[in-house]
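In the numbering used here, the protein residues as written are 199 to 385.
Structure follows, in structure tokens:
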């Protein structure tokens, strides 16, 4: 009887361990399957991409990304991105979104980032005229010229040159001591 008991105990232990092992494999496969169903391909910037740059293959890569964290209209294929021009600075390791890119066929540089039907105007500014640095990219501003006539006794005259013009820095980064900036204005 002792031998029979030990044999039954050994069989129970063996089948118990086999059941635990099978359950672990099943649960691991299920978790991996759920994880892969919750991820999707997305195109990310592999390097910082400055505004106005035509994107090439070395600047982007496709990675798996959680669907719950994916921004709306994120690009999912490299072919959708390569050759297009960035209209915003794109940080490395971030998903590339359609609104960060100019339309298909846009040229690199200023012409690629200027909205259709608009013109870029360079305006020289100093700290006082830029409201002490509080004007940020994307802010709408009015441009007012103050004229000092050369005639004795004449008063200064101010004239609104541009109204509700969108402000953008002239370089790829906004610096406090910038001397020229861009405005978008309708012609």
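Each residue gets a CB set at the ideal place from its N, CA and C atoms; glycine is no exception.
Cross-strand partners of residue i (DSSP beta bridge)
{"i": "residue 254", "result": "According to DSSP, residue 254 bridges with nothing at all."}
{"i": "residue 219", "result": "According to DSSP, residue 219 bridges with nothing at all."}
{"i": "residue 227", "result": "None; residue 227 has no bridge partner."}
{"i": "residue 268", "result": "DSSP output for residue 268 lists no bridge partner at all."}
{"i": "residue 299", "result": "284"}
{"i": "residue 291", "result": "Paired residues: none, contrary to the question."}
{"i": "residue 312", "result": "Residue 312 is not bridged to any residue."}
Rounded straight-line distance, which links the Cα of residue j to that of residue i
{"i": "residue 250", "j": "residue 268", "result": "24 Å"}
{"i": "residue 226", "j": "residue 219", "result": "11 Å"}
{"i": "residue 342", "j": "residue 305", "result": "31 Å"}
{"i": "residue 273", "j": "residue 347", "result": "55 Å"}
{"i": "residue 236", "j": "residue 261", "result": "13 Å"}
{"i": "residue 248", "j": "residue 286", "result": "7 Å"}
{"i": "residue 231", "j": "residue 224", "result": "11 Å"}
{"i": "residue 365", "j": "residue 318", "result": "10 Å"}
{"i": "residue 345", "j": "residue 359", "result": "12 Å"}
{"i": "residue 362", "j": "residue 322", "result": "17 Å"}
{"i": "residue 299", "j": "residue 266", "result": "23 Å"}
{"i": "residue 203", "j": "residue 221", "result": "27 Å"}
{"i": "residue 206", "j": "residue 217", "result": "16 Å"}
{"i": "residue 337", "j": "residue 254", "result": "30 Å"}
Helix, strand or coil at residue i [DSSP, three-state]
{"i": "residue 277", "result": "helix"}
{"i": "residue 355", "result": "strand"}
{"i": "residue 322", "result": "strand"}
{"i": "residue 345", "result": "strand"}
{"i": "residue 282", "result": "coil"}
{"i": "residue 244", "result": "coil"}
{"i": "residue 361", "result": "strand"}
{"i": "residue 211", "result": "helix"}
- Message: Under 8 Å, with one C-beta from each stretch per pair, do the region 287 to 298 and the region 236 to 256 reach the 3-pair mark?
- Response: Note that the region 287 to 298 touches the region 236 to 256; at least 3 beta-carbon pairs, one per stretch, sit closer than 8 Å.
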